[in-house]
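Q: From first to last, the protein sequence lines are chains L and Z. With my numbering as the guide, the letters of the first sequence map in order to residues 1 to 489. With my numbering as the guide, the letters of the second sequence map in order to residues 1 to 500. For each residue, glycine too, the CB sits at the ideal point set by N, CA and C.
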Amino acid sequence: MINNDSLIALLPQLVSSALVIVVMMLIAIRRNYNLVAGVTVVGLAATLATIPWASQVAPQTATALFIVDGMSLFYTGLILAAAIGSTLLLWTYMENAAGNREEVFLLLTLSVNGALLLVTARHMASLFVALELMSVPLYGMAGYLFTQRRSLESATKYLVLSAAATSVMLFGMAFLYAQSGRLDFGGVAALFTSGHGLDAFLAQAGLVLLIAGLAFKLSLAPFHQWTLDVYDGAPAPVGAFLATVGKVAVVAVLLRLLQMGGVFGANGEYPAGPAYSLLNVLAVVAVLSILAGNLLALRQESLKRLLAASSIAHFGYLLVAIVAGGVFANEAAGMYLTAYVFTSLGAFGVISVLSQAGDGRDADTLAAVRGLGRRSPLLALALSVMLLSLAGIPLTAGFIGKFYVLAAGMAAGLWWLLGAVVIGSALGLYFYLRVIAAIYAPAEGEPVRVAHGIATLTVILALVTVLVIGVWPQPLAHTLYFAPIAQVP
Amino acid sequence: MTITWLLLIPFLGGLLAWQMERAGRDAPRHIALACTVLMVAFSAGIWLGGDFSYGPGEHPWLVEEQAPWIDRLGITFHLALDGLGLVMIVLTGILGAVAVLASWKEVTHRTGLFHLNLMWTLAGVVGVFLAVDLFLFFVFWEVMLVPMYFLITVWGRDVAGGLTRAQAATKFMIYTQAAGLLMLLSILGLVLAHVDATGVLTFGLDDLRNTPMSPTVAYVLMLGFFIAFAVKLPVVPLHGWLADTHAASPTAGSVDITGLLLKTAAFGLLRFALPLFPEASRDFAYIAMALGVVTIVYGGVLAFAQTHTKRLIAYASLSHMGFVLIGIYAANVLAIQGVVILMLAGALSTAALFVIAGQVFERTGSFDTATLGGLWARMALIPPFALFFAAATLGLPGLGNFVGEFLVLFGAWQVDPALTAAACIGLVLAAVYALALLHRVFYGPAKAEGALAGADVREAAVLFVLAILLVLLGLYPQPVLDMSDSLATRIAGAVAVASP
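(1) Taking 9 Å as the CB-CB limit, is residue 241 of chain Z close to chain L?
(2) Leaving out five residues on either side along the sequence, give the residues of the same chain with a beta carbon under 8 Å from the beta carbon of residue 371 of chain Z.
(3) Going by DSSP in three states, residue 103 of chain Z sits in which element: helix, strand or coil?
(4) If you pair each beta-carbon of the segment 292-309 of chain Z with each one of the segment 317-326 of chain Z, do three or more pairs fall below 8 Å?
(5) Between residue 396 of chain L and the rest of its own chain, which residues show a CB-CB distance below 7 Å, the 5 nearest in sequence each way excluded?
(6) What does residue 410 of chain L reach in chain Z if we use C-beta pairs closer than 7 Å?
(7) List the residues of chain L that residue 107 of chain Z touches, going by C-beta distances under 8 Å, in chain order.
(8) Let me know the secondary structure DSSP gives residue 373 of chain Z once reduced to three states.
(9) Between which residues of its own chain and residue 306 of chain Z is the CB-CB distance below 7 Å, once the five residues before and five after are set aside?
(10) Could you check whether the Cβ of residue 68 of chain Z sits closer than 9 Å to any Cβ belonging to chain L?
(11) Got a sec: is the Cβ-Cβ distance from residue 255 of chain Z to anything in chain L below 9 Å?
(12) Return the residue from the list L:350, L:357 and L:378 that minimises the CA-CA distance to residue 368 of chain L.
(13) Can you give me the Cβ contacts of residue 395 of chain Z inside the same chain, cut-off strictly under 7 Å, excluding the 5 residues immediately before and after it?
(14) Taking only beta-carbon positions, decide if residue 369 of chain Z is within less than 9 Å of chain L.
(15) So, does the CB of residue 81 of chain L fall closer than 9 Å to a CB anywhere in chain Z?
(16) Go to residue 81 of chain Z, then tell me how far its alpha helix (DSSP H) extends in each direction, as first and last residue.
(17) Just curious, the beta strand (DSSP E) that residue 63 of chain Z is in, first and last residue?
(18) Could you work out which residue in Z:283, Z:71, Z:207 and Z:165 is closest to residue 222 of chain Z when comparing CA atoms only?
(19) Determine, using beta carbons only, whether residue 136 of chain Z and residue 127 of chain Z come nearer to each other than 9 Å.
(20) Got a sec? Which residues, its chain only, sit under 6 Å from residue 432 of chain Z by beta carbon, not counting five neighbours each side?
(21) Residue 445 of chain Z to residue 248 of chain Z, Cα distance in whole Å?
(22) Tell me which residues share the same chain as residue 458 of chain Z and place their Cβ nearer than 7 Å to its Cβ, disregarding the 5 neighbours each side in the sequence.
(23) Give the residues of chain Z in contact with residue 478 of chain L, contact being defined as C-beta atoms less than 8 Å apart.
(24) So, with DSSP's three-state summary, where would you put residue 167 of chain Z?
(25) Can you find a CB in chain Z that lies within less than 9 Å of the CB of residue 300 of chain L?
(26) Is any beta-carbon of chain L found at less than 9 Å from that of residue 177 of chain Z?
(27) Beta-carbon within less than 6 Å of residue 86 of chain L's beta-carbon, same chain only, minus the 5 sequence neighbours each way: which residues are those?
(28) For a contact meaning CB atoms closer than 9 Å, what does residue 387 of chain L contact in chain Z?
(29) Check whether the segment 379-398 of chain Z touches the segment 337-344 of chain Z, counting contact only when three or more Cβ pairs, one atom from each stretch, lie closer than 8 Å.
(30) With a threshold of 9 Å between beta-carbons, can residue 474 of chain L be considered close to chain Z, or not?
(31) Any beta-carbon of chain L closer than 9 Å to the one on residue 56 of chain Z?
(32) On a Cα-Cα basis, can you pick out the residue from L:119, L:67, L:16 and L:57 that is closest to residue 42 of chain L?
(33) Quick one: is residue 408 of chain Z near chain C, going by C-beta distance under 9 Å?
(34) Give a yes or no on whether 9 Å exceeds the smallest Cβ distance from residue 74 of chain L to chain Z.
(35) Once the 5 residues before and after residue 18 of chain Z are set aside, which same chain residues still bring their CB inside 8 Å of it?
(36) Only counting the same chain, and skipping five residues up and downstream in sequence, which positions put a Cβ closer than 8 Å to that of residue 138 of chain Z?
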């Protein structure tokens, strides 16, 4: 069962668990805001540093619950990078908040721990526990500024709807268990490939309910209603965390579930049979998400709501790659997610730099960024590049991601989905450019003053990353090529 | 490293101009002007030193450079120069200088940023003329629009009763980007067809030529390219952005859009759509030429009806692009040679008219022909120049436009006499709208008293140089014809082989 190699393979998860305890102890001994924030960043960086060791023993099945392979390690790295970025943003943002500020980092490390476990899950039990471990701290983070009505509303809404989604997902797992008598992904796969004694309706229903639960977390239409309000009310750095860490881990487990759970066959081809119909469901979800997200974003006056709506559309685009299937789909999904993570981090980062926890409402309205080009050329440039990246303009990471998705869709001949992507992109330009026009509109205002430089540094790092991926994507493309999902039963 | 400099000069020059605003408001203008002069000198050097006498079928590129870029997808950083590309780059440099000079007084705030955007637009355009890797080409094709967007949205002008400049710029972006995505899908389709046939993943233009595929697939992929180019050319009914964008754009922006951006579309058809899909283009030629006739007539009629000078010129250039489209799809040596001349002459004459519209606006504060009129007596030098360029636009023999239109019609006649005859309506319409423009702005009773400032040295010099170039092109087009001969022969050959 557990041997030396599997312990090494799980090093990132182990170190991040240790980090949770260290942060908790630090807060218990003596409250020191900067110390706790600093230790969190260092701890996350240390976790990141263990990936090379883990990769030496990958692919590795560690117990019945976890598997460490190229894909899980890639997403581990991405999650940690996003977590470090969010932590740095929070550090500046919470500087002058009232009340106890330190626990937000405890919640963050807990949630990261859940995300890291989720990307390695190969069993319904580990999937469920990891997903909840990741989500539950998020309610706390979204409502952390509970004296503000909007923040509290955001947390409550997220909590209630998420709980409903979780129960739907559990129901789906129960159906699958009733049919196959097993809970590991491989067992579910066996159910679909053998088809022995299969009640096709129950099995399909189980899979659809399970996917619906995950689709809720990814805010895919028609499970997207919570997204705008939750993003809007949550503090900007928490929004960054929610949009990056919370999404990456779920996409990773969805990919693994589809691949190992028998929807995709061994070489990425679609097998015939009951599982195949699921792809049609996913295709419909993709089109709905692309249209709903872009249409919702058209008239938003709040940047956070706009980013929330556009995230619905972006995960619709991502789903196109997943529906396309094949080996390239994993690369495309990885590329798209990487681009999306750094872009979101940068966009939320700018809002976060402009806002302070003590200020009441975040500076996220169109009016708040009007004339930013004069007040802070750097932040204006960063936000513009992020918006262009979201719109998929070349020389930004977003274009490379979209290019991969289009290539995957084209290779699979998904004409309707590609049509939706084109229409969605045209709609998307309208509202991204609307913000850019506001940024560079002539307007008077005081130059932006920033509390301290850590958050600005994060924005600059995100900006550089987005441009570097856009101009020189080869290293990332190479990494993704060698980070496949392991085919371990 | 040689031709990469053609890209780097405007790119780095833009950065320098941006930073040198600290040294004074006019410093960026001088730097930008120096860069464009350098571009012209550099490309003229290649022109004089190059040998363009290679025949068809041989290695098609005069100079090329290749560096690895995204190995995973078979994408390389591959630039190459042929005769046509070189001519277009010279034109880019000249019109870049015109744009800088035309905005000397018009643009007064954030000059550093303005010239950064202007130079980067030029860099993008040069990239389009140089790239022979389809991915790289697409990157330049899309990216050059971003600085253009900023030129319009920050330094443009809101049109009373029309779109604001931000709306006009957004409309422009949405049109071109959506069409661009269709082209991207076509590029991917072509590459995948090539992978299916040969197992080699590549985006290189030279490799993708002669990709075996079924006629239906080829036709669909060709349409993707055609629509993207047709939006930017533009071809009726995909022209909706043109007039609004011009009306909202600063003079430099208008010069760049008609002079350069529109020409990248014609260039794209010549370099990519026809050579990659000769059979499908042959099948499509009749529809394309018919669209060309529609564009000529529609543009001409609408130009006459405009009351906004820049919108009038915009529709006039639309009408001219109809001739270009007909020439390209006639696809014989004569017609393609004519297209090249017409592209150059059209760019120069339309740019000059936009510059004049800008100069009139600087003096009278109006683009509206209802409030203009009788300016001939009130200002020096500008009206005669306007007469000259209007005459060029209507195709007066001895000037470049005439040579281009003549060759295009000559070539097209061999392919389809009926459509060619219909296209000749455009020549009549051109006389009508060009003279109408002159009449409404410069002749008739003066609407106000008092003399206005004539052209100063800078303004006169710009118009003078453009006029000289048009005369040269009209009287001695042979050097340009030599440059584009090999390309025209190659395309005509490919399409002729493809025809049944």
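A: Let's see:
(1) no
(2) 364 and 447
(3) coil
(4) yes
(5) 385, 388, 389, 466, 467 and 470
(6) 185, 188, 189 and 192
(7) Residues of chain L passing the Cβ test: none, with the nearest at roughly 14 Å.
(8) coil
(9) 312 and 315
(10) yes
(11) no
(12) L:350
(13) 401, 402, 405, 427 and 430
(14) no
(15) no
(16) Residue 81 of chain Z -> not in any alpha helix (DSSP H); beta strand (DSSP E) instead, spanning 75-81.
(17) 63-70
(18) Z:283
(19) yes
(20) 304
(21) 28 Å
(22) 101 and 104
(23) 71 and 72
(24) helix
(25) no
(26) yes
(27) 237, 240 and 241
(28) Those within 9 Å of residue 387 of chain L in chain Z number zero; the least Cβ separation is about 11 Å.
(29) no
(30) yes
(31) Per-residue confidence for residue 56 of chain Z stands at a pLDDT of 47, beneath the threshold of 50, marking its modelled position as unreliable; the derived number appears in the next sentence. Output row for residue 56 of chain Z: interface = no.
(32) L:16
(33) Of the protein chains in this structure, namely L and Z, none is chain C.
(34) no
(35) 28, 112, 113, 115 and 116
(36) 180, 183, 184 and 187
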